[in-house]
């Protein structure tokens, strides 16, 4: 297979540093299966306990609201933390989450469970940016995120298949046990990754120790200055996550409503999760030819317009095919836009935590908006029409963003300020 040859060539060419990347990707595969199984059963479990789709969307959206809050305070909590420590905390939280989810029977208990979900998912994203931005060469950022997305996509590809096989007409304890098994396998790869990890450079730690935010106003100032420079990129990040969360919120409900192919309900979500696995290997070549930002916007607009056509069809196989083609186009946007953030981090390492936090904040914002829209649209227009409405909205917004996005964004302009930024400039000089 071309993917296997690509992996072998990477191992031979890049050696030790990419060996760490491959260990990380192996860990992500099994972690994504764990999270994918949990993501698949969560909306089914909530609705099965007498909660409406609209309320279900609000509940799931709350997980990202908690994550957005966490994005901001993590600049203090994890200012000097390595990606290994962040991942270790993530695993600890992942262990307890399924128990909280299963024991929830009321809206308030589900909200508590969603808070935990939002925290551990944020930790996963933050650790990826920390690793790629600080450990991988700048010209390999897009390709590195391509490999990470391949790993995650493979896990999320397998998850709905496995969940669909063990979930009958109601959700019982079996999917939870299955999820824990894959979490344990993922932790084994984390242990191998941690043992192989190089010691971080002392200079980077010294800089970060001197760059702890003085107060809330200083941190808000950083976000304001950086946000003005990269606003279109942040909004596109939000839109990508709106679509992703939309699928994981009502996608399982639409799939389980397929009476003709109920035994293969999980394959509807497979049509959404498979394309990133196919696209990730070649994303570095595409972005090198067309540019990261141009690739991200163009691919996302095409995918959104395809999604908008779903209301025209009722056949389950055709709907699945549309989802596959739409997801294939959107899959080019994910690693491309992440490569842009990694470039920013490489250019101004002293602001890496702020950039990572803002990216994850807007990702969480998308995961707040997406489930809420999904539940509301599904209740009022039906599951299929909900996807078409979403496609139209995000396509229009993306076209406007593409028109006003600068070709060159210099993130170091954010350091052209007094006080805290003066300390950054002094250190870097």
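Residue numbers (this note's numbering): 136 to 564. We put the CB at the ideal spot given by N, CA and C, even for glycine. Everything numeric in this text was worked out from a predicted model, so none of it was measured.
Item to complete: Take residue 419 as the anchor and find which of 384, 479, 468, 186 has the nearest alpha-carbon.
Response: 468
Worksheet item: For the 8 Å Cβ check, are there 3 or more pairs between the stretch 302-321 and the stretch 185-205?
Response: no
Practice prompt. With a cut-off of 8 Å on the beta carbons, I'd call residue 536 and residue 371 a contact; round off their distance for me.
Written response: 6 Å
Discussion item. Suppose contacts are defined by Cβ-Cβ distances below 7 Å. Is residue 367 in contact with residue 540 by that definition?
Written reply: yes
Fill in: C-beta atoms of residue 507 and residue 196 nearer than 7 Å
yes
Worksheet item: Which class does residue 185 belong to by DSSP, given the choice of helix, strand or coil?
Response: coil
Item to complete: Ignore the nearest five residues each way along the sequence and tell me which others in residue 410's own chain have a CB closer than 6 Å to its CB.
Response: 462, 463, 466
Discussion item. Among the candidates 459, 288, 514, whose CA atom is the shortest distance from the CA of residue 412?
Written reply: 288
Discussion item. Looking at the secondary structure, which residues open and close the alpha helix (DSSP H) in which residue 315 lies?
Written reply: 309-331
Discussion item. Counting C-beta neighbours from all protein chains within 10 Å, is the total for residue 470 16 or more, i.e. buried, or is it exposed?
Written reply: buried
Worksheet item: Can you tell which of 292, 451, 313 has the C-alpha that lies nearest to the C-alpha of residue 301?
Response: 313
Discussion item. To the nearest angstrom, how far is the alpha carbon of residue 446 from that of residue 520?
Written reply: 5 Å
Worksheet item: Given residue 530, which residues of its chain have a CB within under 7 Å of its CB, disregarding the five upstream and five downstream residues?
Response: 436, 439, 440, 443
Worksheet item: Rounded to whole angstroms, how far is the Cβ of residue 499 from the Cβ of residue 199, which I believe are closer than 8 Å?
Response: 4 Å
Item to complete: Within its chain, find whatever has a CB closer than 7 Å to the CB of residue 260; leave out the 5 residues flanking it on each side and keep chain order.
Response: 495, 498
Practice prompt. Please classify residue 458: does DSSP put it in a helix, a strand, or coil?
Written response: helix
Worksheet item: Out of 502, 524, 427, which has the shortest C-alpha to C-alpha gap to residue 281?
Response: 427
Item to complete: Verify whether the separation of the beta carbon atoms of residue 205 and residue 254 is less than 7 Å.
Response: yes
Worksheet item: Among 480, 247, 422, which residue has its Cα nearest to the Cα of residue 361?
Response: 480
Worksheet item: To which residues of the same chain is residue 325 closer than 7 Å at the C-beta, ignoring the five residues directly before and after it?
Response: 162, 222, 226
Worksheet item: From 452, 380, 269, pick the residue whose C-alpha is nearest to that of residue 491; which is it?
Response: 269
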